[in-house]
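Chemist:
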Amino acid sequence: MSSVFLEDLDADTYAAYLRQSTSTVIIPTGATEQHGPHMPIGVDAMLSSDIAAAVAQQTGALVAPVFAYGYKSQPRSGGGDHRIGTTSLSAATLIGLVEDVASSFLAQGFKNVVVLNGHYENYQFVYEGLDKAVKQAHTAGNAGRAMLMSYWDFVDDQTLEAVFPDGFLGWDIEHGGVLETSLMLLLHPEKVDMDRVVDHPPAQLTSYDVFPEDPTRTPASGCLSSATGATAAKGQLLLDAVTRAVSDALISELHLPLPVASRKAN
1140 MSSVFLEDLD ADTYAAYLRQ STSTVIIPTG ATEQHGPHMP IGVDAMLSSD IAAAVAQQTG
1200 ALVAPVFAYG YKSQPRSGGG DHRIGTTSLS AATLIGLVED VASSFLAQGF KNVVVLNGHY
1260 ENYQFVYEGL DKAVKQAHTA GNAGRAMLMS YWDFVDDQTL EAVFPDGFLG WDIEHGGVLE
1320 TSLMLLLHPE KVDMDRVVDH PPAQLTSYDV FPEDPTRTPA SGCLSSATGA TAAKGQLLLD
1380 AVTRAVSDAL ISELHLPLPV ASRKAN
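In our numbering, the protein residues as written are 1140 to 1405.
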């Protein structure tokens, strides 16, 4: 196949792929959400799609069209649902979308459905949708499997030390920060304006939530930490680490063929 993107395939090529014993589809999930003044609102969807494509090239999987809307941005991880530029789904809607799409892929013949999450707040609702889809498939006699992962969970300690030489403060404050900005500088440099990065200390977040959301509890930039240390070189370190670790997890759990480079080495 000339493309790893499912949407680029004709129906006959798609059907032939489904007949493979290791047919696997990766569904990238993101959000439409503000990422400060220096990056576009589509960051989460772009990065999950890009990483899914890199993993697909290593594993022989296909990449489904991205879920470009996600669950509500929250002050303690994304700046807040009240911020202009953020367009969100309810929990029930996201669960239903994941359940319907995953169920359809399994019914069509995919042996494995993988969701690669790129929006912090999505995870538990995607989990529920996938769980329901797989249970329905097994009830119908379909032995298909599913996996769910957020890409940042695959950044190893050595890469973290290289990307955050002054110390890593946690993924919850990385919204619009060094991680996402570095990946965007590597993959979509034309969409990043580093001159507009707001340099401010990491957000001082509470251990609880307050309703209605209070805009003054998070930085006015919409970012929870500064992206001043972001570089394309750091983006390359992150992309390489995540692609390698996610691919290894899929190959191990789903018994997929080894990457081409590994086969040649052996």
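No residue lacks a Cβ here, since even glycine has one placed at the ideal position from N, Cα and C.
Remember, predicted model here, so these are calculated numbers, not experimental data.
Exposed or buried, GLY1306, counting other C-beta atoms within 10 Å across all chains shown (16 or more means buried)?
Modeler: exposed
Chemist: Count Cβ pairs between the region 1310-1328 and the region 1366-1373 that sit closer than 8 angstroms; are there 3 or more?
Modeler: yes
Chemist: I'd like to check one pair, LEU1287 with ASN1256: are the Cβ atoms closer than 8 angstroms?
Modeler: yes
Chemist: Whose C-beta lies closer than 6 angstroms to the C-beta of VAL1385 among residues of the same chain, with five residues either side of it excluded?
Modeler: VAL1194, PHE1293
Chemist: Please classify GLY1309 as buried or exposed, where buried requires at least 16 other C-beta atoms within 10 Å of its C-beta.
Modeler: exposed
Chemist: Of all the options GLY1181, THR1152, ASP1220, SER1216, which has the alpha carbon lying nearest to the alpha carbon of PRO1351?
Modeler: Looking at the Cα atoms, ASP1220 is the closest of the given residues.
Chemist: Alpha helix (DSSP H) containing THR1320: first to last residue?
Modeler: 1317-1326
Chemist: Hey, would you say LEU1201 sits closer than 8 angstroms to TYR1156, going by beta carbons?
Modeler: yes
Chemist: Which whole-angstrom value is the C-beta distance of LEU1269 and VAL1254, which I expect to be below 8 angstroms?
Modeler: Between LEU1269 and VAL1254 a beta carbon distance of about 6 angstroms is seen, short of the 8 angstroms cut, so the two are scored as contacting.
Chemist: For ASP1183, which residues of its own chain have a beta-carbon under 7 angstroms away from its beta-carbon, when the five flanking residues on both sides are left out?
Modeler: GLY1169, ALA1170, GLU1172, GLY1209, GLY1257, HIS1258
Chemist: Can ILE1190 and TYR1262 be called in contact, C-beta distance under 8 angstroms?
Modeler: no
Chemist: Given 8 angstroms as the limit, is there contact between the region 1353-1363 and the region 1218-1232, that is, 3 or more CB pairs closer than that?
Modeler: yes
Chemist: What did DSSP end up calling LEU1255 once you bin it into helix, strand or coil?
Modeler: Looking at LEU1255 - three-state DSSP - the assignment turns out to be strand.
Chemist: Within 10 angstroms of its Cβ, does LYS1274 collect 16 or more other Cβ (buried), or is it exposed?
Modeler: With fewer than 16 other Cβ atoms within 10 Å, it is exposed.
Chemist: Where does the unbroken alpha helix (DSSP H) through VAL1182 begin, and where does it stop?
Modeler: Counting along the chain, VAL1182 sits inside the alpha helix (DSSP H) bounded by residues 1182-1198.
Chemist: Note down, in chain order, each residue of its chain lying with its Cβ closer than 6 angstroms to the Cβ of ILE1166, except the 5 sequence neighbours on either side.
Modeler: Only ALA1203, VAL1254 meet the Cβ criterion.
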